[in-house]
Amino acid sequence: LIPVTAPIDGVVISREVVAGEVVDVSKTMFVVADVSRMWVMLDLRLEDVTSLALGQTVRFRSDFRPNGGGLDDAAVCTVAWISTAVDEKTRTVRVRAEVENPDGRLRAHTFGTASVLIREAPQAVAVPNEAIQWEGCCHVVFVRLTDEVFQTRKVRLCASSATHTEVLVGVLPGEVIVTTGSHVLK
């Protein structure tokens, strides 16, 4: 018997031979991987790639969560590569983020959901999406001045999510705005 050594430390993730089999240098016997650092591959819509840059933070949550998981079980990654091509069938752009996996919690070929941090503004003013109305030329929100008086404010919008939108101009922190039923005031 001749010992077989790998050029890197890692885990054997695939074995292509059995004991007693004749082998040669052109045949792969074992596949060894270092799973302490992994890639998260993202498929982004073409219109979302314009906001993307190398080094941005990505939070990846695997669909597989033993024991139900929690809010803090997301892996924090960094964008390391952005493809220059668009997939012909899906019309998406491949993006690779690199993540540390020292405890081996992440598994290869696992699906999940990722969020890319476009920018960070700790003092940003954000309002619920249902508070924003289109007035034909601009977006507006209704700010409560008294219990019976509401003021229409033109707002300039920025980043948005499924539930909230950042307001750059038009609303100050702490002001009370109308959310549910704001279309009635319009």
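Heads up, the sequence shown is in this note's numbering, so the first residue is 7 and it goes up one at a time.
Note that beta-carbon positions come from the ideal geometry of N, C-alpha and C, so glycine has one too.
Spatial distance of ALA167 from THR185 (CA atoms): Here residue 167 refers to the residue found at position 161 of the sequence shown. Here residue 185 refers to the residue found at position 179 of the sequence shown. Note that residue 167 corresponds to Ser in the displayed sequence, not to Ala. Each residue's alpha carbon lies about 16 angstroms from the other.
Buried or exposed (CB count within 10 angstroms, at least 16 for buried), CYS144: For the purposes of this step, residue 144 is taken as the residue at position 138 of the sequence shown. Result: exposed.
Limits of the alpha helix (DSSP H) - the one that VAL190 falls within: Here residue 190 corresponds to residue number 184 of the sequence shown, with the count starting at 1. That run of the alpha helix (DSSP H) goes 188-191.
Spatial neighbours of VAL23 in its chain, beta-carbon cut-off 7 angstroms, leaving aside the 5 residues before and after: The residue labelled residue 23 in the question sits at position 17 within the sequence shown. So the qualifying residues of the chain are VAL29, MET35.
Environment of GLY176 [buried if 16+ CB atoms lie within 10 Å]: Residue numbering aside, residue 176 sits at position 170 when the sequence shown is read from its first letter. The residue is buried, with at least 16 neighbouring Cβ atoms inside 10 Å.
Same chain only: Cβ atoms within 7 angstroms of ARG111, ignoring 5 sequence neighbours per side: As a position in the sequence shown, residue 111 is number 105, starting the count at 1. None.
Of the listed residues SER42, GLU136, ALA25, nearest to ASP15 (C-alpha basis): The sequence position of residue 15 within the sequence shown is 9, counting from 1. Among SER42, GLU136, ALA25, the Cα nearest to that of ASP15 is on SER42.
Residues sharing a beta bridge with MET35, DSSP: Here the question's residue 35 lines up with position 29 in the sequence shown. Bridge partners of MET35: none, in fact.
Helix, strand or coil at VAL55 according to DSSP, with G and I counted as helix: By 1-based counting over the sequence shown, the position of residue 55 is 49. In the three-state scheme derived from DSSP, where H, G and I count as helix and E and B as strand, VAL55 is classed as helix.
PHE148 burial status per 10 Å Cβ neighbour count (16 or more: buried): Here residue 148 refers to the residue found at position 142 when the sequence shown is read from its first residue. The residue is buried, with at least 16 neighbouring Cβ atoms inside 10 Å.
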